[in-house]
Amino acid sequence: MSTPHKLRLGINIDHVATIRNARGGPHPDPLRAAHMAAKAGADGITLHLREDRRHIRDEDLETFIAEVKLPINLEMAATEEMLDIALRHPTHAVCIVPEKREERTTEGGLDVARLHNVIAPMVRQLTAAGRRVSLFIEPDPIQLAVAEAMGAAVVELHTGAYAEAALAGHHAEAQAILARLAEAARIGTARGLEVHAGHGLTFDNVGPVAAIPELHELNIGHFIIGEAIFIGLEAAICRMRHLMDEARA
Ligand code: PXP
Numbered sequence: 015m016s017t018p019h020k021l022r023l024g025i026n027i028d029h030v031a032t033i034r035n036a037r038g039g040p041h042p043d044p045l046r047a048a049h050m051a052a053k054a055g056a057d058g059i060t061l062h063l064r065e066d067r068r069h070i071r072d073e074d075l076e077t078f079i080a081e082v083k084l085p086i087n088l089e090m091a092a093t094e095e096m097l098d099i100a101l102r103h104p105t106h107a108v109c110i111v112p113e114k115r116e117e118r119t120t121e122g123g124l125d126v127a128r129l130h131n132v133i134a135p136m137v138r139q140l141t142a143a144g145r146r147v148s149l150f151i152e153p154d155p156i157q158l159a160v161a162e163a164m165g166a167a168v169v170e171l172h173t174g175a176y177a178e179a180a181l182a183g184h185h186a187e188a189q190a191i192l193a194r195l196a197e198a199a200r201i202g203t204a205r206g207l208e209v210h211a212g213h214g215l216t217f218d219n220v221g222p223v224a225a226i227p228e229l230h231e232l233n234i235g236h237f238i239i240g241e242a243i244f245i246g247l248e249a250a251i252c253r254m255r256h257l258m259d260e261a262r263a
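My numbering puts the first residue of the sequence shown at 15, with every later residue one more than the last.
Here you go:
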């Protein structure tokens, strides 16, 4: 087992933009949320520019690159349009995610084994352009092997199934998925990949994920933005940070 290191917290601010877009005006401003996240101790800002632009838009990406000091992680679908945008916008990282128009959120990981011929050239081009490329995958040894073979620097493990099982009170299932996440973090690290995780994480379920020593980063959005309605954004981020640190200690 490797030595536990500080676990970075990436804040996904997409849902600030979702609320802004509901009225078509400038409020609430996702940029203000990013500045507040930085002040509250976030280590990075994640944005998912979806094909349908349902939350952040192209102009948000431009503004964030110009104004945000934290590393920016751009999540994108494996399409030519998004590849072109990612190549023209110098973010710190690019995370390739599966995307379906009709889904409410990113359902499941990217099948990099099946999509090898589409993803591999994207990883090559984005890496050559200086992006740290991450692939959002299920905790599956085959996906990890393919991600390594493609030359990805990072994999992000999809924690959605774990979160759903925990929420439904299916403890044995949640434990079994957690064991797969821990094993994938170990295998990925042994393969030289930096391993991140995210999706569906909350105050109640983050601890066991944060305790996986090989993980370097968690990306959390929906719960934190929702919780901000009740306790404020800074407080929600500080609490998440505290729970992550406590789990690592
Ligand atoms: N990581 C990735 C790759 C994602 O696609 C998402 C959702 O956009 C998240 C993390 C954050 O998930 P959530 O909003 O459920 O915290």
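Ideal placement from N, C-alpha and C gives every residue a C-beta, glycine not left out.
CA nearest to the CA of residue i, picked from the options
{"i": "R118", "options": "L140, A198, R68, T93", "result": "R68"}
{"i": "K83", "options": "I59, T93, D43, D72", "result": "I59"}
{"i": "D154", "options": "A134, L124, A167", "result": "L124"}
{"i": "R146", "options": "A163, L158, P85", "result": "P85"}
{"i": "V265", "options": "G144, R262, G246, L257", "result": "Residue 265 lies beyond the range of the chain shown here (15 to 263); nothing can be said about it."}
{"i": "H130", "options": "A166, A182, H106, K20", "result": "A166"}
{"i": "D74", "options": "G55, A54, A48, A52", "result": "A48"}
{"i": "M90", "options": "E81, R71, T77, A80", "result": "R71"}
{"i": "G235", "options": "E208, T216, R253", "result": "T216"}
{"i": "H213", "options": "D43, T141, V111, L207", "result": "V111"}
{"i": "T77", "options": "K53, D98, P104", "result": "P104"}
{"i": "N87", "options": "A107, I79, I99", "result": "A107"}
{"i": "L207", "options": "R102, L149, R138", "result": "L149"}
{"i": "Q189", "options": "V168, G240, A52, A175", "result": "A175"}
{"i": "P227", "options": "T141, A242, L192", "result": "L192"}
{"i": "N26", "options": "H19, R37, K20, P44", "result": "P44"}
{"i": "E152", "options": "I99, V209, E248", "result": "V209"}
N-terminal and C-terminal residue of the alpha helix (DSSP H) that residue i is part of
{"i": "I79", "result": "72 to 81"}
{"i": "L45", "result": "44 to 53"}
{"i": "R102", "result": "94 to 102"}
{"i": "G221", "result": "220 to 224"}
Sequence-distant residues of its chain with Cβ nearer than 7 Å to residue i (five each side left out)
{"i": "A211", "result": "E170, L171, T173, L195, V223, L229, L232"}
{"i": "V28", "result": "This sequence places Asp at residue 28; Val is not what is there. If we look at D28 and ignore the five residues flanking it on each side, its Cβ neighbours are L61, H62, H69, I70, G235."}
{"i": "M15", "result": "With a pLDDT of only 47 at M15, under the threshold of 50, the placement of this residue in the model should not be trusted, and no figure is reported."}
Extent of the continuous beta strand (DSSP E) run through residue i
{"i": "T32", "result": "That residue, T32, is in no beta strand (DSSP E); its alpha helix (DSSP H) goes 28 to 37."}
{"i": "H230", "result": "229 to 234"}
{"i": "N87", "result": "86 to 91"}
{"i": "A107", "result": "107 to 111"}
{"i": "L171", "result": "168 to 172"}
{"i": "I151", "result": "146 to 151"}
{"i": "G212", "result": "208 to 212"}
{"i": "H62", "result": "58 to 62"}
Residues of its chain near residue i, where Cβ-Cβ distance is below 6 Å and the 5 sequence neighbours each way are ignored
{"i": "I133", "result": "A92, V126"}
{"i": "E187", "result": "A179"}
{"i": "N219", "result": "A177, A180"}
{"i": "A261", "result": "G221, A224, A225"}
{"i": "A143", "result": "L101"}
Spatial neighbours of residue i in its chain, beta-carbon cut-off 8 Å, leaving aside the 5 residues before and after
{"i": "A159", "result": "R205"}
{"i": "P40", "result": "R34"}
{"i": "E65", "result": "A91, T93, E95, M96, E113, R115"}
{"i": "D57", "result": "R22, L23, G24, L84, P85, E231"}
{"i": "G55", "result": "L23, I251, C252, R255"}
Residue i (DSSP reduced to helix, strand or coil)
{"i": "M15", "result": "A caution first: M15 carries a pLDDT of 47, below 50, which makes its placement in the model too unreliable to give a value."}
{"i": "E260", "result": "helix"}
{"i": "V126", "result": "coil"}
{"i": "H41", "result": "coil"}
{"i": "R194", "result": "helix"}
{"i": "C165", "result": "Here residue 165 turns out to be Gly, not Cys, going by the sequence shown. G165: coil per DSSP, three-state reduction."}
{"i": "R255", "result": "helix"}
{"i": "T141", "result": "helix"}
{"i": "G246", "result": "coil"}
{"i": "G24", "result": "strand"}
{"i": "E241", "result": "helix"}
{"i": "G183", "result": "coil"}
{"i": "R200", "result": "helix"}
{"i": "E178", "result": "helix"}
Heavy atom of the ligand PLP within 7 Å of residue i beta-carbon
{"i": "F78", "result": "The model depicted lacks the ligand PLP and carries the ligand PXP instead."}
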